[in-house]
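This report refers to the structure that appears directly beneath it.
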Amino acid sequence: MNTPPLDTHTGAITLDDGELPAILFNKVEKRFGDHVVLHDLDFTVRKGDRVTLIGPSGSGKTTILRLVMTLEEANEGYILIDGKPLTHYEKDGKRVELKEKHKNEMRKRIGMVFQQFNLFPNMTVIENIIEAPVHVLGLSKKDAIERGRALLEKVGLPDKENAHPTQLSGGQQQRVAIARALAMEPEILLLDEVTSALDPEVVGEVLNILRDIARDTDVTMLIVTHEMQFARDVSNRVLMFDSGRIVEEGTPEQIFSDPQEQRTRDFLSAVL
Ligand code: ADP
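If you want it as structure tokens, here you go:
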């Protein structure tokens, strides 16, 4: 789609129907050295959307999540979150860098769960969960613990708050990582191949928790996964990537049952 006009004072954007887009990529290019991994990428995610990114390894999916999380920065173009620029925007062809305070405010709205859990190994489960709510959101320790306990209940680990990550299985660690991301009450949840490092027998329990979150909340989700059934169940849109470009997009039904592009058909026949 064409990107709607930008407010040149604030860099903000409103969609045709007056809504602010949850995530908007405007002509984003990302390079690592000479290697262009995302080409002139435009896409919009509406609030409450569950968008799954599929495509072969190396097609740029994880880089997209890392850009949203501000773990990487675009070389060209820019990203809006809730209609506002995430780190910078462009005015009269020039890059306008936003202040660190603004970037930190934007980061608070986004949670990410990684393939490798990334829990703090020297902290207990509850300490992992309350760390950011206390230090970033300024919640009292008491309130953060209360929130953390409710989340541990939700992910099925109410008796593990004092355990250390090394005492937990991979599936349990990933459930803690999900609780930790949700403890920030993010508007956007990024899920980066969250079951790829797990033993097959615990994949289902982690996916079921994510299905519950999708059902019970209106959090916007951007998902990278090889679990096609999960993508089908949870997402309302699927974007198929190849070599840093969107080759096809549609509903899960369209993409999985009636793909139009040969590259999508080849990819799906290799993974299904
Ligand atoms: P996907 O998630 O689709 O497998 P990635 O976004 O991880 O793809 O990677 C896209 C391309 O960018 C790959 O060719 C990868 O090797 C390259 N890449 C990713 N991160 C880096 C990095 N930090 N340094 C150099 N190249 C990178």
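With UniProt numbering as the guide, the letters of the sequence shown map in order to residues 1 to 272.
We put the beta carbon where it would ideally sit given N, CA and C, even for glycine.
1) Alpha carbon to alpha carbon, how far is L53 from E248? Give it in angstroms, no decimals.
2) In chain order, what residues of the same chain have a beta carbon less than 8 angstroms from the beta carbon of F117, not counting five sequence neighbours either side?
3) Would you mind stating whether L191 and V271 have Cβ atoms separated by less than 8 angstroms?
4) At 4 residues or longer, what runs of the alpha helix (DSSP H) sit wholly inside the region 78-163?
5) Does the beta carbon of R50 come closer than 8 angstroms to any beta carbon on chain B?
6) Do three or more CB pairs link the region 207-219 to the region 17-35 at distances below 8 angstroms?
7) Check whether the Cβ atoms of V224 and P186 lie closer than 8 angstroms to each other.
8) Under 8 angstroms by Cβ, that's how I've got I255 and A183 pegged, so tell me the actual separation to the nearest angstrom.
9) With a threshold of 8 angstroms on Cβ separation, who are the neighbours of T62 within its own chain once the five nearest residues in sequence on each side are excluded?
10) Taking the DSSP output, what are the residues bridged to M221?
11) Please name the residue in I23, R215, P252 and D242 whose C-alpha comes closest to that of E227.
12) What are the residues that DSSP puts in a beta bridge with I213?
13) Taking the alpha carbon of Q115 as the point to measure from, which residue in T87, L152, V203 and T264 has its own alpha carbon closest?
With the given structure in hand:
1) When rounded, the separation of the alpha-carbon atoms in E248 and L53 is 11 angstroms.
2) P165, G170, Q173, Q174, V176, A177 and A197
3) no
4) 100-107, 125-135 and 141-154, all fully within the region 78-163.
5) Included in the structure is just one protein chain, with no chain B present.
6) no
7) no
8) I255 to A183, Cβ: 33 angstroms. No contact.
9) D192, E193 and V224
10) R50 and L189
11) P252
12) In the DSSP output, where bridge partners are listed per residue, I213 has none listed.
13) V203
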